[in-house]
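Visitor:
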Amino acid sequence: MRKIGSRSFLIFILTMAFFAGLAYHTVNLVFHAAEWVAEPMSTFVPESGSLDYAGKVIDRNGVVLAQSVGGKRIYNEDEDVRRACLHVVGDDSVNIGTALQTVWRSQMTKYEFNGSFIFGTGLPEALKNKEDITSYGVDYTLTIDSRLQKAALEALGVNRGAMFFYNYQTGEIVCMVSTPSYDPMNVPEDIETNPDYSGAYINRAVSSAYPPGSTFKLVTANASLNEISGIEKSVFDCQGTEEIDGEKTVSCFGKKAHGKQTMKEALANSCNIYFAKCAKALGKERMTAYAEKMGFNSNVEFDGVISADSVYDVTDASDYELAWSGVGQHTILETPVNMAMRSAAIANGGTPVMPYYIESVDGAAKNKTTLASPMMNRETADKLYEMMDYTAAVSYGKDYLCSYLDVCAKTGTAEVSDDGTAHAWLTGFCKDAECPLAFAVIIEYGNSAQAVAIPAASHVLYKAAEIYKFQ
Ligand SMILES: [Zn+2]
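Reading the sequence shown from the start, the letters are residues 1455 to 1925 in my numbering.
1) By how many angstroms is the C-alpha of residue 1729 removed from the C-alpha of residue 1816?
2) Given this structure, state the Cα-to-Cα distance separating residue 1602 from residue 1841, to the nearest angstrom.
3) Start and end of the alpha helix (DSSP H) containing residue 1791?
4) Would residue 1596 pass as an interface residue toward chain D - the criterion being a Cβ-Cβ separation below 8 Å?
5) Please classify residue 1818: is it buried, with 16 or more other beta-carbons within 10 angstroms of its beta-carbon, or exposed?
6) With DSSP as the reference, please indicate the residues paired to residue 1528 in a beta bridge.
7) Just tell me which of 1832, 1704, 1897 has its CA closest to the CA of residue 1693.
8) Residue 1574 to residue 1553, Cα distance in whole Å?
9) Helix, strand or coil for residue 1625 per DSSP?
10) Tell me, to the nearest whole angstrom, how far the beta carbon of residue 1865 is from that of residue 1880; I am working on the premise that it is less than 8 Å.
11) Quick check on the burial criterion: 16 or more other C-beta atoms within 10 angstroms. Buried or exposed for residue 1848?
12) Can the beta-carbon of residue 1609 be found less than 8 Å from the beta-carbon of residue 1538?
13) Using 7 Å as the cut-off, classify the Cβ of residue 1784 as near or not near the heavy atoms of ligand 1, replying yes or no.
14) Alpha carbon to alpha carbon, what distance is there between residue 1758 and residue 1707?
15) Flag residue 1692 as yes when its Cβ comes closer than 7 Å to any non-hydrogen atom of ligand 1, and as no otherwise.
16) Among 1899, 1868, 1852, 1869, which has the Cα closest to the Cα of residue 1882?
17) How would you call residue 1893, buried or exposed, if buried means at least 16 neighbouring beta carbons within 10 angstroms?
18) Could you say if the segment 1681-1696 and the segment 1716-1728 meet the contact criterion of at least three C-beta pairs nearer than 8 Å?
19) Assuming contact is defined by CB atoms lying nearer than 8 Å, are residue 1754 and residue 1805 in contact in what I supplied?
20) Under the assumption that residue 1639 contacts residue 1514 (Cβ atoms under 8 Å), give the Cβ distance between them as a whole number of angstroms.
21) Does DSSP put residue 1879 in a helix, in a strand, or in coil?
22) Would you tell me roughly how many angstroms separate the C-alpha atoms of residue 1772 and residue 1673, rounded to the nearest one?
23) Do residue 1676 and residue 1845 come within 8 Å of each other at the CB atom, strictly closer than that value?
24) Would you check whether ligand 1 has a heavy atom nearer than 7 Å to the C-beta of residue 1698?
25) For residue 1676, is the beta carbon positioned less than 7 Å from some heavy atom of ligand 1?
26) Give me the residue from 1653, 1783, 1622, 1908 with the minimum Cα distance to residue 1868.
27) Here's the rule: buried if 16 or more other CB atoms are within 10 angstroms of the residue's CB, otherwise exposed. What is residue 1935?
28) For residue 1489, which three-state DSSP category applies?
29) Using only the alpha-carbon positions, how far apart do residue 1746 and residue 1526 sit?
30) Roughly how many angstroms separate the alpha carbons of residue 1767 and residue 1543, rounded to a whole number?
31) Can you check DSSP and say which residues form a bridge with residue 1787?
32) Could you round the C-beta distance between residue 1622 and residue 1702 to whole angstroms and report it? I think they count as a contact, below 8 Å.
33) Tell me whether residue 1727, by its Cβ, gets closer than 7 Å to a heavy atom of ligand 1.
34) Quick check on residue 1853: does DSSP put it in helix, strand or coil?
35) Hey, residue 1762 and residue 1698 are a contact pair by Cβ (cut 8 Å); roughly how many whole angstroms apart?
36) Any heavy atom of ligand 1 closer than 7 Å to the Cβ of residue 1732?
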């Protein structure tokens, strides 16, 4: 029997692999083309004009955020609402990849895919040019509250950043705002060149991942409570600085010694050394396993929106870097939506509900409450709940957060350069039954979470109290 030479065999395998790949992609394209063209950032979605007769976008209270009147797309009459809702609703272009009017455009406009290109079934000829045609397409009702959107835009002001608030019992996203923003009715002519608008197409609440700083101590605490026996009762003496890798030192803020600390006190005082030592004691494998359980090295997907990945990678980290990873530094990155889900998990006995923002499509309910994978067990969730409650009361002041709500929280000030410039975070949840919101707020280069992120979050929390508690 003649043996096939190893070289010709290799060529045979490669040729087969090529055709198998080609067949796979062809089949994939034919069967999934409609989804593929509707993918965020796809350039195959038709340009503006296709929204001319699209359906309405309505907030949770019936406020019309976008509609088509007489063949023209118009947005809410209040410019602040328009700007606040830009990244949720989108504009006439498809530049905002995660916006409703980008992701669901073909459905909203009743555009269809015929196998080779998109064409608009659009408006029947007989109806064209009629002034009273307001919405021929499909209407989308959102869970978003435009009043909270407006409050969040005010709170972010000239800062770049994002706010994400959702109901940790139902999953409804009530507020998702990103800055810089712009008015979709008057898109700035210099949007592509003016640095003030750089990144304006990005919904930072889902598409940006930042170093989480001390908010990550909740992840390290979860791992430590489960893996280091007796840690809760043990006391650590913080000296302000501590040598980790023979020569390098981890330090607490201002190198200030916290003295004797239980875990609860270490979280409230945001003692870096405590959690750095925990991370080092736990090691790479266990830290990675717990981080991944809490959404890292993965994304969040809801209503066709696919978030950026949150990242915890200590593969090549030294002991010193592993230690720093336990306090949310090193190369760790997290999206605001993932951080809000962590607080939701703590508020909800360990398992967060999946967020969503489309309530109904042409009156038919689109979503129902669904649980995500558990992030921690109930016992640990309850301990972290109590610790965040204590942290909010002792370190920030409950009244400083919001006098009308019982807010549990954790700040994060994540250094992003050697000169001490830092992003400012706040994450937390409200204990109040009338206002069960979990949230994450980031102010880029805000430097101080206490001075910048808390007041920003607080502005929205007061509005939420006014709406959900007193109305
Ligand atoms: Zn300390």
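Where is the CB? At the ideal position from N, CA and C, for every residue including glycine.
Guide: To lay it out plainly:
1) 50 Å
2) Cα-Cα distance, rounded: 28 Å.
3) 1790-1801
4) Going by chain labels, chain D is absent from the structure shown, which holds only one protein chain.
5) Exposed, by the Cβ-count rule.
6) 1521
7) 1704
8) At residue 1574, the pLDDT of 48 sits below 50, so the modelled position is not reliable and the matter cannot be decided from this model.
9) coil
10) 5 Å
11) exposed
12) no
13) Answer for residue 1784: no, Cβ out of range of ligand 1.
14) In this model, residue 1707 and residue 1758 are separated by some 41 Å (Cα to Cα).
15) yes
16) Of 1899, 1868, 1852, 1869, the residue nearest in Cα terms is 1852.
17) buried
18) yes
19) no
20) Their Cβ separation, rounded to whole angstroms, is 22 Å, which puts residue 1639 and residue 1514 out of contact at 8 Å.
21) strand
22) 20 Å
23) no
24) no
25) no
26) Closest option to residue 1868, judged by alpha-carbon separation, among 1653, 1783, 1622, 1908: 1783.
27) The requested residue 1935 is not part of the displayed model; the chain covers only 1455 to 1925.
28) Model confidence at residue 1489 stands at a pLDDT of 42, short of 50, so the residue's coordinates are unreliable and nothing is read from them.
29) 46 Å
30) 34 Å
31) 1765
32) Wrong, their Cβ atoms sit about 39 Å apart, outside the cutoff.
33) yes
34) helix
35) Not really, about 30 Å apart at Cβ, beyond 8 Å.
36) no
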